[in-house]
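Engineer: Everything in the sequence shown is counted per UniProt numbering, starting at 1 for the first residue and increasing by one.
Can you read through this structure? Questions will come right after.
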Amino acid sequence: MKKLLLILLISMANFLFAENDPYIKITVAKDGSGDFTSIQKAINSIRDLGPAEALVFIKSGTYNEKVVIPSSKHKITLEGENKDNTIITNNDFSGKLDSFNEKMTTFNSYTLLVMGDDIKISNLTIQNSSCNEGQAVSLHVEGDRFIIKNSNISGCQDTIYSATNHSRQYFENCYIEGTTDFIFGQATVVFKNCTVKSLADSYITAAATEADKQHGFVFFDCKLIAKEGITKVYLGRPWRPYAKTVFINTEMGKHILPEGWNPWKGDKMFPDKEKTAYYAEFGSKGEGGNVSKRVNWSHQLTKKDLKNYTLEKIFNDWNPNMSNK
1 MKKLLLILLI SMANFLFAEN DPYIKITVAK DGSGDFTSIQ KAINSIRDLG PAEALVFIKS
61 GTYNEKVVIP SSKHKITLEG ENKDNTIITN NDFSGKLDSF NEKMTTFNSY TLLVMGDDIK
121 ISNLTIQNSS CNEGQAVSLH VEGDRFIIKN SNISGCQDTI YSATNHSRQY FENCYIEGTT
181 DFIFGQATVV FKNCTVKSLA DSYITAAATE ADKQHGFVFF DCKLIAKEGI TKVYLGRPWR
241 PYAKTVFINT EMGKHILPEG WNPWKGDKMF PDKEKTAYYA EFGSKGEGGN VSKRVNWSHQ
301 LTKKDLKNYT LEKIFNDWNP NMSNK
């Protein structure tokens with residue numbers, strides 16, 4: 001009887017551990033030593049709506065690709081060999097002519113588009129090399145429960161488009177750089193332990209949170225830095241009237257303007273956005289973290305307010321740290 005019980009326990013343990021393992025592992029290598037030389041071809045090879053996680057391991061190299069993870073591909077992990085040497089790069093921008101001789105827009109200028117749910121990324125650099133030519137997105141995410149860790153996302157204007165009202169996104173230990181509105185969109189997003197570098201005197205965030213959402217962009221324990229000579233940067237401006245952005249325990253360099261936030265005046269379709277936007281801070285530090293001269297329509301959170309800023313509450317009971325690897 002004891003032997004049978006032991007066999008049952010071992011079988012159950014194997015089953016549970018097996019559920020956490022990818023059901024398929026694919027290697028991408030530019031030198032031909034893997035299963036594919038193209039990231040897109042590796043993604044295309046994965047079964048639509050597969051049974052579990054599919055792991056795509058990407059060896060070091062520069063992959064000049066425009067990559068799409070469609071909505072039919074879910075539970076995919078892209079894992080780079082080394083975040084600084086495993087690079088996906090493209091140079092599309094708004095106004096550039098596409099293969100049909102039509103002008104691109106911000107929304108199809110991406111280097112990597114994520115439409116599937118439960119996509120994870122780690123140890124990669126995602127880059128749009130176009131700069132000062134127009135809006136040029138590096139990472140465009142529409143899928144739900146998106147996780148990216150230990151990665152670099154670089155560009156100029158509109159580097160990260162966190163899109164769609166239903167999308168929940170989690171960035172941890174990432175380096176993000178750009179010029180204007182380089183973190184923008186409607187999604188609910190947490191940035192944890194991220195370094196955010198401004199490359200121009202402009203705006204970091206441009207949230208478009210919808211009125212029915214309690215949270216938009218939330219930054220925890222991040223660091224705001226700037227290129228040398230950059231001295232006039234706003235924490236954010238509202239792309240749409242109910243924009244929500246909160247910085248908690250963030251170190252802010254001297255490039256952050258004392259007023260902190262900008263109302264985005266001159267938008268005739270959405271005037272007076274500062275009356276409905278919600279911008280707040282708690283525990284800001286560093287030379288740009290002095291909140292005494294912040295605009296009067298922004299907020300300072302109390303310790304009591306922080307109870308509403310747990311991952312489960314922000315993400316409506318989803319905790320990205322409880323997700324399988």
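Cβ atoms here follow ideal geometry from the backbone N, Cα and C, with glycine treated the same way.
These figures come from a predicted structure and were not determined experimentally.
Is the beta carbon of S292 less than 8 Å from the beta carbon of W261?
Structural biologist: In this structure, W261 does not lie closer than 8 Å to S292 by Cβ.
Engineer: Could you tell me the distance, in whole angstroms, from the CA atom of A277 to the CA atom of M115?
Structural biologist: C-alpha separation (whole angstroms): 27 Å.
Engineer: With a 10 Å radius around its C-beta and 16 neighbouring C-beta atoms as the bar for buried, classify D144 as buried or exposed.
Structural biologist: Its Cβ being crowded by 16 or more others within 10 Å, D144 is buried.
Engineer: I'd like the list of long-range same chain contacts for A211, defined as Cβ closer than 7 Å, with 5 residues on each side in sequence excluded.
Structural biologist: The answer, listed in chain order, is Y242.
Engineer: Taking N44 as part of the beta strand (DSSP E), name the residues at either end of that continuous run.
Structural biologist: Segment 39–45 is the alpha helix (DSSP H) holding N44; no beta strand (DSSP E) there.
Engineer: I need the DSSP call for E251, collapsed to helix, strand or coil.
Structural biologist: The answer is strand: DSSP assigns E251 an E or B state.
Engineer: In whole angstroms, give me the CA-to-CA distance for W239 and E274.
Structural biologist: Those two C-alpha atoms are separated by around 11 Å.
Engineer: For the alpha helix (DSSP H) containing I314, list its first residue and its last residue.
Structural biologist: Segment 311–314, the alpha helix (DSSP H) holding I314.
Engineer: What residues in its chain sit with their C-beta under 6 Å from that of E312, if we drop five residues either side in the sequence?
Structural biologist: Excluding residues within five positions, the ones whose Cβ falls inside 6 Å are N319.
Engineer: For M252, count neighbouring Cβ atoms within 10 angstroms of its own Cβ and tell me buried if that reaches 16, exposed if not.
Structural biologist: It is buried - the Cβ of M252 has at least 16 other Cβ atoms within 10 Å.
Engineer: Going by C-alpha distance, which of T125, P70, N108 is nearest T89?
Structural biologist: Among T125, P70, N108, the Cα nearest to that of T89 belongs to T125.
Engineer: At a cut-off of 7 Å, is G253 close to the ligand MN when judged by its beta-carbon and the heavy atoms of the ligand?
Structural biologist: As far as ligands go, the structure on display features none, and thus does not contain the ligand MN.
Engineer: For G216, collect the residues of the same chain with a Cβ closer than 7 Å to its Cβ; drop the 5 residues on either side in sequence, then sort them by chain order.
Structural biologist: Taken in chain order, the residues that qualify are T188, A207, T209, A243, K244, T245.
Engineer: Assuming T164 is part of the beta strand (DSSP E), what are its boundary residues?
Structural biologist: Looking at the DSSP string, T164 is not in any beta strand (DSSP E), and its letter there is neither H nor E.
Engineer: With a Cβ-Cβ cutoff of 8 Å, do G155 and S122 count as a contact?
Structural biologist: Contact: no.
Engineer: Please classify G289: is it buried, with 16 or more other beta-carbons within 10 angstroms of its beta-carbon, or exposed?
Structural biologist: The residue in question, G289, is buried, as its Cβ has 16 or more Cβ neighbours within 10 Å.
Engineer: Short of 6 Å in beta carbon distance, which residues of its chain neighbour S129, apart from the five on each side in sequence? Order them along the chain.
Structural biologist: Cβ neighbours of S129 beyond the five flanking positions: T89, N91.
Engineer: With a 10 Å radius around its C-beta and 16 neighbouring C-beta atoms as the bar for buried, classify residue 332 as buried or exposed.
Structural biologist: The question about residue 332 has no answer, for the chain in this structure spans 1 to 325.
Engineer: Quick check on M322: does DSSP put it in helix, strand or coil?
Structural biologist: Of the three classes helix, strand and coil, the one that applies to M322 here is helix, per DSSP.
Engineer: Which of helix, strand or coil does DSSP assign to N128?
Structural biologist: Strand.
Engineer: Which of helix, strand or coil does DSSP assign to K73?
Structural biologist: Coil, per DSSP.
Engineer: Identify the continuous beta strand (DSSP E) that holds N108 and give its terminal residues.
Structural biologist: Counting along the chain, N108 falls outside any beta strand (DSSP E), and DSSP gives it neither H nor E.
Engineer: Of the residues N150, T205, N82, D84, which one's Cα is nearest the Cα of Y170?
Structural biologist: Minimum Cα distance to Y170 is reached at N150.
Engineer: Quick check on the DSSP output: the beta strand (DSSP E) that includes R204 runs from which residue to which?
Structural biologist: What sits at residue 204 in the sequence shown is Ile, not Arg. Start and end: 203–207.
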